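Novice: Residue numbers (this note's numbering): 37 to 767.
In this text, a Cβ means the ideal position worked out from N, Cα and C, and glycines have one as well.
None of these values were measured; they are calculated from a predicted model.
1) Compute the distance between the beta-carbons of residue 744 and residue 729, then report whether it is under 8 Å.
2) Return the chain-ordered ranges of every alpha helix (DSSP H) run that is complete within the region 361-426 and spans a minimum of 4 residues.
3) Is residue 64 near residue 125, with beta carbons less than 8 Å apart?
4) Where in the region 616-698 do unbroken runs of the alpha helix (DSSP H), each at least 4 residues long, occur, reported from the N-terminal end onward?
5) Between which two residues does the alpha helix (DSSP H) harbouring residue 539 extend?
6) Mind listing, in chain order, the continuous beta strand (DSSP E) runs of no fewer than 3 residues lying wholly within the region 45-107?
7) Straight-line CA distance for residue 610 to residue 131?
8) Can you give me the start and stop residues for the beta strand (DSSP E) that residue 155 sits inside?
9) Taking only three categories from DSSP, how would you classify residue 479?
10) Give me the Cα-Cα distance between residue 470 and residue 437, rounded to the nearest whole angstrom.
11) Can you grab the Cα-Cα spacing for the pair residue 222 / residue 676, in whole Å?
12) Alpha carbon to alpha carbon, how far is residue 52 from residue 162? Give it in angstroms, no decimals.
13) Where does residue 479 land, buried or exposed, given buried means 16+ other C-beta within 10 angstroms?
14) Taking the alpha-carbon of residue 149 as reference, which of 178, 236, 526 has the nearest alpha-carbon?
15) Taking 8 Å as the threshold, find out whether the region 210-220 comes into contact with the region 656-663 through three or more Cβ pairs.
16) What did DSSP end up calling residue 544 once you bin it into helix, strand or coil?
17) For the beta strand (DSSP E) holding residue 723, just list the boundary residues, first then last.
18) Return the residue from the list 429, 410, 482, 332 that minimises the CA-CA distance to residue 449.
19) Would you please state the rounded distance, in angstroms, between the beta carbons of residue 630 and residue 560? I believe it to be under 8 Å.
20) Run the CB neighbour count on residue 425, radius 10 Å, all protein chains shown included, and call it buried at 16 or more, exposed below.
21) Kindly list the residues whose CB is nearer than 7 Å to the CB of residue 244, restricted to its own chain and excluding five residues on each side of it in sequence; keep chain order.
22) Are the Cβ atoms of residue 274 and residue 338 separated by less than 8 Å?
23) Exposed or buried, residue 374, counting other C-beta atoms within 10 Å across all chains shown (16 or more means buried)?
24) Could you tell me the boundaries of the alpha helix (DSSP H) in which residue 149 lies?
25) Could you tell me how far apart the beta carbons of residue 366 and residue 311 are, in whole angstroms, since I believe they sit closer than 8 Å?
26) For my contact list, residue 586 and residue 724 are in at a C-beta cut-off of 8 Å; report their separation, rounded to the angstrom.
27) For residue 62, count the other beta carbons within 10 Å of its own beta carbon; 16 or more makes it buried, fewer makes it exposed. Which is it?
28) DSSP three-state call for residue 530: helix, strand or coil?
29) Quick check: the region 85-92 against the region 476-491, are there 3 or more CB pairs under 8 Å?
30) If I follow the unbroken alpha helix (DSSP H) through residue 443, where does it start and stop?
31) Identify the continuous alpha helix (DSSP H) that holds residue 744 and give its terminal residues.
32) What residue range does the alpha helix (DSSP H) around residue 130 cover?
33) Taking 8 Å as the cut-off, decide whether the C-beta atoms of residue 288 and residue 307 are in contact.
34) Please look up how many angstroms separate the CB atoms of residue 84 and residue 134, rounded, as I've assumed it's under 8 Å.
35) With a 10 Å radius around its C-beta and 16 neighbouring C-beta atoms as the bar for buried, classify residue 589 as buried or exposed.
36) Would you say the beta carbon of residue 313 is closer than 7 Å to some non-hydrogen atom of the ligand NAP?
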């Protein structure tokens, strides 16, 4: 690489996204007091640019505008320019995205917003091309027009920004309206199911035409709906919708058939051509969903997909200290000599490449068949490429193939006269060779930032997979990551979580000069992970830490007036709005998961005020849950769990005893959305016994491992038979 001509103060940051912009000719500042003071002192507007390191259009805008010397000069002359990594600072992102969505009807990244010196937004958008086009105003023009307005109409701009802020404050407020009770769970569940059913794609699965996102929250809702309506046609349809979607995704190009794991979303209806970045939060949630699919159906296909995801994360997104990295980029150099990155270059193939890599004749097959013939037929490879030009506006994928399993293995086997078992071995050999060939290509950029929230989601994925598939190695990996969080993203002095840490030089783990404090989502996803990890490992220290964090979350984020949790603490004066997210998206909104966390926390601790808090969250979101629950499927699911009351499944026995293990295996093999699991091992000094005195009255029957199913701390008769226990676990 050539010596950079420019270096700005982002060079001192830890975020991979900010470091990507450290050599722009723009005088970038990180979000902070130094930039705010400069804007006030010089009476300058602020230009705020928000993105993340694996964002394709963020790269495009940087190449076109932020690396352009003339545009850089305009930015430096007229504005104080601030760069924010949305993954580091979701709080800043959310405030200004709320503004952009409200004023432009759309949103996305890169987000471009102009603020007054006191941080109030008045103009904004997303990606801007550098120069004027037929349909769009260019970035240069927008910069000059806004600078002119500030010069000529400063008072009007300030007045307008104040009005906008008041309107945002009013429209974004979520609080309990009159009634202080949760909405009727049955109606919420039925409405949500009907809304999902109407938007469902019968042929390809999923819940929209295009683009198509995995949206694990929808699948999680459908599994719970099925569990509560197993004998009805609606219940059967809910399960069919979820399993078909998971199967079609696994067959599709959104699934990396050579390198494992899932890409972020599909640009088309068929799950074929993805946007190629891979996000940690998708891998964590999808590992959990495919585990549940296996638990419900017993189909090994789903278990294989779980192993595929966790192999990818263990190999490519794992730090040697135990944490998980955030993401892999969509763009990379096609070859070691290329000067320009292309989207998907690491993942796509020409027919010619595949023939050259897979020339071997297949013995026993019809005609003169090569490995290449079998592989290309199975994965829909075409000589001229299999990407629809409409899905490839920049011609980056012309002549290339995105692998998609076009037909069931039985049909491919029949087409070439092969036994299905033989076909499976041949395809594995092909995948192994292509994986070796791909390893020679330049890899996409890896975002080595480690976030508490996303690590929480991934710990849940490993823990749930370990429990369901009876794979102790996955449980150990989850425990290793939880120990990493306790070491690097938790401050024992204050008892608080931190948001992020970073891979440093020589594979060390580094923290920024001023660590970012954890947000609501960090607490919620880490608490959920610790409950999942306790149920998989039975290690009580994870439970103890989860309950400590729940108390801290209540203290930092609870809204005693309007109910539910704010996304951010009250202590940051630079945040103009204290918001509550009201939509489950690629990740569930924190308040949705908090409802179930609170119910689980109450079961493990006996603190019934946590049940009351769960009730108040549902009351605060009541109107939305009754009208458009499809926007909050995870909270709709939690409303059903609240309504049905969690069952405490207590097993009295030695955790190492075979009879106890048999009972644990039974509990873990049944999908029951409203249960918590605990083992009473007879250690009366242990954490659980101190929390739940009623455990001391539960005994083993005839010296055998014995199960009790309790509701509100009132227990069933003792059960020593696995068959009887299985019958008691249905919701």
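Specialist: Concretely, from the data shown:
1) no
2) 387-393, 407-414
3) no
4) 626-641, 645-656, 658-663, 669-680
5) Careful: residue 539 lies outside any alpha helix (DSSP H), inside the beta strand (DSSP E) at 536-539.
6) 64-66, 81-87
7) 11 Å
8) That residue, residue 155, is in no beta strand (DSSP E); it is neither H nor E in DSSP.
9) coil
10) 13 Å
11) 7 Å
12) 21 Å
13) exposed
14) 178
15) yes
16) coil
17) Unbroken run through residue 723 is the alpha helix (DSSP H), 723-727; no beta strand (DSSP E).
18) 410
19) 5 Å
20) exposed
21) 235
22) no
23) exposed
24) Taken as a continuous stretch (DSSP letters only), residue 149 belongs to no alpha helix (DSSP H), being part of the beta strand (DSSP E) at 147-151.
25) 6 Å
26) Incorrect: roughly 16 Å between the Cβ atoms, too far for contact.
27) buried
28) coil
29) yes
30) Looking at the DSSP string, residue 443 is not in any alpha helix (DSSP H), and its letter there is neither H nor E.
31) No alpha helix (DSSP H) contains residue 744, which is instead part of the beta strand (DSSP E) from 742-747.
32) 126-140
33) yes
34) Residue 84 to residue 134, Cβ: 13 Å. No contact.
35) buried
36) The ligand NAP is absent from the structure shown, which contains no ligands of any kind.
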